[in-house]
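Counting in the working numbering, the sequence shown runs without a single skipped number right up to 158 at its last residue.
Where is the CB? At the ideal position from N, CA and C, for every residue including glycine.
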Amino acid sequence: MSGHRAAELLLFCAAYIAAAGERSALRRPFFLAWNDTHGAVLFSNKQLSKAKQYARKAIELNGAWGKPYMLIAQMYASSPNWSDEAALNKCVFFAVIDKLQRAKSVDPSCAEEADKLIRTYAGYTPKDEDLFFIGLKKGDAVTIGGWIGETTTIR
């Protein structure tokens, strides 16, 4: 979505939410759109931590919507460098794959795109020998530092 189009949608959502008042049943879909779109705009502006907050809020509002999980995955993939160790940085892509798998498990309409991205990002994960040199192996848990702050499993 272009920045201009996203900004228009944000303004529309804000106006609708204000007009809906206390009728929360009407407000809910627009809170979803607001959080998802606001997250996408922040992501495009490289405000990743804030964008992740809005994507998580969209997930709270509708856990069966895969798009926010995919947005988080793309944010992670865009910013994998959190360590001085290259193999640890590549472990970010396990977390990316986790989010993509979650997206398609909660929302089958995301499956085709998620599978395509999983195939792409799987190629960026660390090799077994690189992990060996830092004392890690398949099945180990690794916590991704920085703004990501997630634990994933090496596979």
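C-beta atoms of residue i and residue j nearer than 7 Å
i, j, result
"Lys141", "Ile121", "no"
"Ala76", "Lys102", "yes"
"Met73", "Ala54", "no"
"Ala90", "Leu134", "yes"
Where residue i falls, given that 16 or more other Cβ within 10 Å makes a residue buried
i, result
"Thr123", "exposed"
"Lys70", "buried"
"Pro83", "buried"
"Ala67", "exposed"
"Asp110", "buried"
Contacting residues, own chain, Cβ-Cβ under 7 Å from residue i (five flanking each side not counted)
i, result
"Arg26", "Confidence in Arg26 is poor, its pLDDT being 46 and thus under 50, which makes the residue's placement unreliable; the coordinate value appears in the next sentence. Closer than 7 Å at the Cβ level, and outside the excluded window around Arg26, lies no residue."
"Ile151", "Tyr79, Trp85, Val95, Ala98"
"Ile147", "Trp85, Cys94, Val95, Ala98, Glu153, Thr155"
"Asn48", "With a pLDDT of only 48 at Asn48, under 50, the local geometry of the prediction cannot be trusted, and the value read off the model is given with reservation. For Asn48, where only same-chain residues beyond five positions count, there are no Cβ hits under 7 Å."
Opening and closing residue of the alpha helix (DSSP H) in which residue i lies
i, result
"Ile100", "95-109"
"Thr123", "114-125"
"His67", "Position check: residue 67 holds Ala in this sequence, whereas His was assumed. Run containing Ala67: none; DSSP gives neither H nor E here."
Chain-order list of residues whose beta-carbon lies under 8 Å from that of residue i (same chain, five-residue window excluded)
i, result
"Glu88", "Ile137"
"Phe97", "Thr128, Val145, Thr155, Thr156, Ile157, Arg158"
"Ser112", "Gly69"
"Ala125", "Phe96, Ile100"
"Arg59", "Pro71, Ile75"
"Gln104", "Ala117, Ile121"
Residue-level contact to chain D via CB, residue i, 7 Å cutoff
i, result
"Lys70", "The displayed structure is made up of one protein chain only, and chain D is not part of it."
N- and C-terminal bounds of the beta strand (DSSP E) containing residue i
i, result
"Glu153", "153-156"
"Ile137", "Looking at the DSSP string, Ile137 is not in any beta strand (DSSP E), and its letter there is neither H nor E."
"Thr146", "144-147"
Chain-order list of residues whose beta-carbon lies under 6 Å from that of residue i (same chain, five-residue window excluded)
i, result
"Lys130", "none"
"Gly149", "Trp85"
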